[in-house]
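In my numbering, the protein residues as written are 69 to 190. Scroll down for the structure; my scribbles are underneath it.
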């Protein structure tokens, strides 16, 4: 049975274009339900020409965080109020967290996710 979504449900999701095919909502919503959290994770199809408007809207409604995928990783970096050092160095963001006082903190987990297994290669 699906959990009800209410005005108290926290919103998180993935931005991209295309993104409707993503399995992230299925995986994340299963994890959120298992944790007993009143959160929902949505795929948010976002054309490039609407990226800034969508981010402003999500911030306005209190979105708790976003994953970012193709083709927005570099453009999103330019729209962040603050960047973590690695995201700044690589010029790309795949994770957004809301900042107190407004705007987004951009970070990048792709680099470590790629390099970590490489260190395990003999």
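Where is the CB? At the ideal position from N, CA and C, for every residue including glycine. Since this is a predicted model, take the numbers as computed values, not measurements.
- prompt: Using 8 angstroms as the threshold, is the segment 115-127 in touch with the segment 135-145, meaning 3 or more CB pairs across them?
  reply: The way I'd put it, the segment 115-127 does touch the segment 135-145; three or more beta-carbon pairs between them come closer than 8 angstroms.
- prompt: Among 145, 150, 182 and 146, which residue has its Cα nearest to the Cα of residue 170?
  reply: Position 102 of the chain shown, counted from the start, is the residue given in the question as residue 170. Selected option, being the one with the closest Cα: 150.
message: Let me check one thing: in DSSP terms, what residues is residue 136 bridge-paired to?
response: Against the chain shown, residue 136 aligns to sequence position 68. Paired residues: 83.
query: Where DSSP assigns a beta bridge to residue 128, which residues make up the other side?
result: In the chain shown, counting from the first residue as 1, residue 128 sits at position 60. Note: residue 128 sits in no beta bridge, so no partner.
- prompt: Do the CB positions of residue 158 and residue 135 come within less than 7 angstroms of each other?
  reply: Locating residue 158 in the chain shown gives position 90, where the first residue counts as 1. Locating residue 135 in the chain shown gives position 67, where the first residue counts as 1. No. Outside cutoff.
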